[in-house]
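Our numbering numbers the first residue of the sequence shown as 1 and each following residue consecutively.
Reviewing the structure listed below.
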Amino acid sequence: KAVVSTQSTGITSFEDMVDLFNEYFSAEDQATLAENARATLYAFISRANDFCDAGCVRKTARYFKALFSATHDEATCPVIGLYCGGCQDNADGFIATGEPAVPCCTQDALDSISESIYELIADYSNIATSIEADLKAAVEASGVSTEEYEAMKEVATEQLGCIEETYDTLSESDCA
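Here's what the structure looks like:
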């Protein structure tokens, strides 16, 4: 499979985006994607309305403000970009205290988002693998070695794993 020219020169226009999208998705796949996106959008709007109508926006904002304040600490979590370690320990510790408890409507929304992400991964993992291979080639063409690319990918995977662990802790905690 040839690598699209936008990958070597960069994406500079909407047409470049369309060309890249067309490379990875057949017309039939694009129609299915559009249909799935439409259904997901309608479900999201319905859930978002329920979330807002139940007063969850304020409850969620208060909870996450407290969580982020507890997570950030100059000594153990000076920069959130490297979440594993001190940042994760602080966040997990805050969640474990249960004070304040995560609002149940927040927990429900997070579970719904997580479920949707896992469905997307299951449905499109083969395409993601193809895109990842082309991304690796493009990064290497820009002068990044295979070893550097794999190291960056490993750090990103580790960080996402720690974030997922915190999500699991939050999802399994008692809500109020």
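Backbone N, C-alpha and C fix where the C-beta goes; we use that ideal spot for every residue, glycine too.
Note that this is a predicted model, so its numbers are computed, not measured.
Simplified DSSP assignment, three categories, for V139: helix
Among T169, A27 and D19, the one whose alpha carbon lies nearest that of V102: T169
Exposure label - T166; buried when at least 16 CB within 10 Å: buried
C84 - DSSP class collapsed to helix/strand/coil: coil
Local conformation of D73 per DSSP, three classes: DSSP places D73 within a strand segment (E or B) once states are collapsed to three.
Spatial distance of F54 from P100 (CA atoms): Sequence inspection shows Ala at residue 54; the Phe mentioned does not correspond to that position. Their backbone Cα atoms lie some 18 Å apart in a straight line.
Cα-Cα separation, M152 to T146: Per the coordinates, the alpha-carbon of M152 lies some 10 Å from the alpha-carbon of T146.
Spatial distance of S5 from I95 (CA atoms): Residue confidence is low: S5 scores 39 on pLDDT, short of 50, so the model does not pin down where it sits. No coordinate-derived value is stated.
Buried versus exposed call for F51 [16 or more other C-beta atoms within 10 Å across all chains shown]: buried
Which listed residue (D123, S171, S130 and A70) has its alpha carbon closest to that of T32: Nearest in C-alpha terms to T32, of all of D123, S171, S130 and A70, is D123.
Identity of the residues DSSP links to V102 by a beta bridge: C175, per the DSSP bridge assignment.
For Y83, the nearest candidate out of S173, A176, E115 and L160 (CA to CA): L160
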